[in-house]
Amino acid sequence: GQQVMQIPQYQHVQEGEDFTTYCNSSTTLSNIQWYKQRPGGHPVFLIQLVKSGEVKKQKRLTFQFGEAKKNSSLHITATQTTDVGTYFCAAGENAGNNRKLIWGLGTSLAVNP
Amino acid sequence: NAGVTQTPKFQVLKTGQSMTLQCAQDMNHEYMSWYRQDPGMGLRLIHYSVGAGITDQGEVPNGYNVSRSTTEDFPLRLLSAAPSQTSVYFCASSPRFGTDYNSPLHFGNGTRLTVT
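Those protein sequences? They're chains Y and X, same order as listed.
Whatever position you read off the first sequence (first residue = 1), add 5 for this note's numbering.
Whatever position you read off the second sequence (first residue = 1), add 256 for this note's numbering.
Below, the structure is given as C-alpha cells:
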C-alpha cells in the first residue's frame, strides 16, 4: 500500500538551532497534515496543507507542500525547549472517497538548553 | 467542552481477559477512530467509523471489535487479550470523513494497556 517516509527518525539540537523534518511519498497526495506529540502526551494537530507548493507559517514553524504534492517539510527556526516532542506527518490518499490517513513514523526532536 | 474523553488511562490485563476501552466525544463529530501506538511503529489504525451504525477495519483490526450505536461513543473491545496488544491506544475524531480532504483529528489522552 501507499507509504509515507519521514526523516530523520531522531534529531538532537542545541537550543537556538534550526530543525527540519521531511515527509516523502512515491505517489501524489491529496493533502498532508502535521501533528506534534509531547512526551507522554497525545498527538495534537498543527496544520493542513492542500495546495501544490503551499507554504504556511505559524510563528517559528514553516510548513511546505511540494509542487508535485509528493513531499512536505516542517521547519522550526531557533528551536526552544518547548519544541521537544515527536512530529508526525499524516497524508491523505489521492484516491476516491476512502480517505484514510497514512502516517509517517515521526521525527523525535530533543533540544539541549 | 471536554473534547475526546478516553477511559481508563491505565489498565493491566492478564492474557485471555477481555475489556472495553471507552471513547466519547462531545463535538458531534461524524468520524471516530482507534489507533494503537507502539515504539518505532508510529500510529496504526485499528478500526474507524464514519457515523452511527457504520464501522470499518483499519490496518490492524485483528483481536479488536468496535461498535458505534451513537454519534458520541465508540468503544473498543478486546475479546481475549494477548501480550502483543500491549500498547498505547488513542481514540480520535474529526468533524467529517474527508470528501475532498481529510479533516484534522482530535485525539483523546490515550489508554496505556499492559497485557501480562
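Don't be surprised by glycine CBs; every beta carbon is placed ideally from N, CA and C.
- In the three-state DSSP reduction, residue 323/X falls in the coil class, being neither helix nor strand.
- Put simply, of 343/X, 293/X and 325/X the residue whose alpha carbon is nearest the alpha carbon of residue 370/X is 343/X.
- Residue pairing by DSSP leaves residue 21/Y without any beta bridge partner.
- Cα atoms of residue 302/X and residue 311/X: separation of roughly 11 angstroms, rounded to the nearest angstrom.
- Across the structure, residue 90/Y and residue 292/X are spaced so that their CA atoms are roughly 18 angstroms apart.
- Legend: CB atoms of the stretch 29 to 44 of chain Y lying less than 7 angstroms from CB atoms of chain X belong to residues 35, 36 and 38.
- Along the stretch 355 to 371 of chain X, going in chain order, the ones with a CB nearer than 8 angstroms to a CB of chain Y are 355, 356, 357, 358, 360, 361, 362, 363, 364, 365 and 366.
- Sequence-ordered contacts of the stretch 299 to 310 of chain X with chain Y read 299, 300, 301 and 304 [C-beta pairs closer than 9 angstroms].
- Chain Y has no Cβ within less than 7 angstroms of the Cβ of residue 266/X.
- The beta carbons of residue 81/Y and residue 96/Y sit no closer together than 7 angstroms.
- For the 7 angstroms CB-CB criterion, residue 48/Y and residue 363/X form a contact.
- Close partners of residue 346/X in chain Y (Cβ separation under 8 angstroms): 47 and 48.
- Residue environment analysis places residue 335/X among the exposed positions, since fewer than 16 neighbouring C-beta atoms fall within 10 angstroms of its C-beta.
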